[in-house]
Amino acid sequence: MRLHVADHPLITHKLTVLRDKRTPSPVFRQLTHELVTLLAYEATRDVRVTPREIETPVTTTVGVEISSPRPLVVPILRAGLGMLEGMTTLIPTAEVGFLGMVRDDETLQPTTYAERLPDDLSGRQCFVVDPMLATGGSLGAAIEFLFARGADDVTAVCLLGTPEGVKMIEDMVGDRNVHLVLGALDEGLNDRAYIVPGLGDAGDRLYGTV
Ligand code: PRP
Ligand code: URA
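Heads up: the sequence shown runs through residues 489 to 698, numbered per this note's numbering.
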């Protein structure tokens with residue numbers, strides 16, 4: 489697994505506002521969108537492209553276009569939905585699949601309550617988005633879902649991660665082709681498995697249900 493932790497003052501600045509408990513939902517949503525577009529730049533570094541010949545007003549030249557089959561963006565509901573538009577802004581031709589997962593507060597195990605993905609993901613690059621990588625249970629289950637459908641190239645984009653979550657994904661994926669892109673690597677988890685310092689419950693903060 490390849491891990492990339494962002495190191496850019498604009499990203500750290502936006503994350504700082506996001507972490508602030510006084511930041512209201514509309515600003516939180518807007519910042520999430522802006523952060524995803526910055527992180528997506530790194531996450532799509534290896535997006536597959538095919539050469540394409542075009543004519544400029546001056547001459548003929550060869551550029552590139554995104555290859556087929558088109559990339560698949562998979563937000564993990566609910567909080568991942570806040571990151572979807574940022575990804576599709578950068579890759580407008582991507583298709584979108586959905587995974588609905590919720591973590592049980594007591595057992596910390598994720599349950600999958602919704603799934604709308606293509607049956608066959610062979611040959612597709614998949615981009616999973618979820619703001620929070622805490623214990624790693626939810627993202628790990630999502631990645632396994634994609635591999636079970638034939639995916640062999642998965643990039644996960646999270647705003648915040650923990651060393652525990654990164655290790656869990658690393659151990660789970662082994663030498664499979666997984667790229668993890670984080671906005672920041674936080675200190676760890678508290679006794680309720682919330683990310684510290686974190687930003688609280690991402691879904692509640694995005695959708696105003698605190
Ligand atoms: C949050 C978050 C991740 C998960 C992370 O979702 O968006 O999916 O928790 O925790 P983990 O790494 O320990 O699995 P939650 O289950 O709260 O659902 P929500 O998006 O509907 O709020
Ligand atoms: N889910 C969240 O939304 N926040 C955390 O800190 C951990 C899990």
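Backbone N, C-alpha and C fix where the C-beta goes; we use that ideal spot for every residue, glycine too. On a predicted model such as this, the values are computed, not experimentally measured, just so you know.
For glutamine 597, DSSP records no beta bridge to any residue.
The chain-ordered list of residues whose CB is nearer than 5 Å to some heavy atom of the ligand URA reads Met620, Ala622, Tyr682, Ile683, Gly686, Asp689, Ala690.
For valine 590, the distance from the CB to the nearest heavy atom of the ligand PRP is below 7 Å. For alanine 567, the closest of Asp495, Cys646, Asp592, Ser610 by C-alpha to C-alpha distance is Cys646. Counting the other CB atoms within 10 Å of its CB gives glycine 696 a total below 16, which places it among the exposed residues. Residue burial annotation: histidine 667 is buried, with at least 16 other C-beta atoms found within 10 angstroms of its C-beta.
Around the C-beta of lysine 502, 16 or more other C-beta atoms lie within 10 Å, and the residue is accordingly described as buried.
For methionine 575, the three-state secondary structure derived from DSSP is helix.
Shortest gap from the CB of leucine 627 to any heavy atom of the ligand PRP: under 7 Å.
Closest by C-alpha distance to threonine 599, out of Gly625, Lys509, Ile579, Met620, is Gly625. In this structure, DSSP gives leucine 569 a helical state, which the three-state scheme calls helix. Pairing glycine 628 with proline 651, the inter-Cα distance amounts to about 14 Å. When DSSP reads this structure, alanine 672 sits in a beta bridge with Leu648.
If you compare the alpha carbons of Glu553, Glu583, Glu543 with that of valine 561, the shortest gap goes to Glu583.
The three-state reading of DSSP puts arginine 510 in coil, since its state is none of H, G, I, E or B.
Contact between isoleucine 564 and leucine 587 holds, with the beta-carbon distance rounding to 5 Å and staying under 8 Å. Put simply, the backbone Cα of leucine 578 is about 13 Å away from that of glutamate 553. Within the same chain, Cβ atoms closer than 6 Å to the Cβ of threonine 643 are found at Ala531, Phe615, His667, the five residues on either side in sequence being excluded. Distance from glycine 585 to leucine 605 at the Cβ level is roughly 4 Å; contact confirmed, criterion being Cβ atoms closer than 8 Å. Secondary structure of threonine 548 (DSSP, three-state): strand.
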